[in-house]
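In our numbering, the protein residues as written are 1028 to 1185. Backbone N, C-alpha and C define an ideal beta-carbon position, used for all residues, glycine too.
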């Protein structure tokens, strides 16, 4: 019976280490998608002068899909953007920054919008670099800590 409990403790700690490492990786990937989306927005506004609705319809990534889902349910692009931001994890600041951008987009002329998106694109690029560095530094360590905690728990139980 103790052996079974030890194996369960080991597996739980191991899975928690993998989950936390994956969380770091997913954050870096999400920020990369946002940076790419904003870069594409800049290009499309310069070349075509598209509106927020049209930009979202052409965008790729999880956030754009989330916004499109709200638009498909009959919401306008601004409220869909805001609702999509409310569905994101709030702990790292990406959701607040995206919500801030969504409120500001389209409130000025074309050049002002380009400067605004460019500014946010730089901020998201910096956040992405930071998240990638954090994953590189901490990702493997978090998994190893999970394994070590699991082994320690198993030894204590046995």
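By alpha-carbon positions, which one of the options ends up nearest to residue i?
i            : options                   : result
residue 1137 : 1074, 1168 and 1185       : 1074
residue 1042 : 1182, 1173, 1061 and 1184 : 1173
residue 1048 : 1171, 1166, 1153 and 1184 : 1166
residue 1130 : 1118, 1119 and 1147       : 1147
residue 1063 : 1098, 1151 and 1081       : 1151
residue 1101 : 1115, 1080 and 1117       : 1080
residue 1104 : 1142, 1169, 1157 and 1082 : 1082
residue 1115 : 1030, 1053, 1183 and 1178 : 1053
Using 10 angstroms around the beta-carbon of residue i, count the other beta-carbons present and answer buried if the total reaches 16, otherwise exposed.
i            : result
residue 1135 : exposed
residue 1044 : buried
residue 1140 : buried
residue 1113 : exposed
residue 1038 : exposed
residue 1185 : exposed
residue 1028 : exposed
residue 1153 : exposed
residue 1132 : buried
residue 1065 : buried
residue 1070 : exposed
residue 1183 : exposed
residue 1128 : buried
So, using beta-carbon positions, are residue i and residue j closer together than 8 Å?
i            : j            : result
residue 1159 : residue 1032 : no
residue 1091 : residue 1181 : no
residue 1126 : residue 1109 : yes
residue 1060 : residue 1096 : no
residue 1122 : residue 1093 : no
residue 1084 : residue 1176 : no
residue 1144 : residue 1057 : no
residue 1107 : residue 1098 : yes
Assuming residue i and residue j are in contact, meaning their beta carbons sit under 8 Å apart, how far apart are those beta carbons, in whole angstroms?
i            : j            : result
residue 1051 : residue 1168 : Contact doesn't hold; Cβ gap of about 10 Å is too wide.
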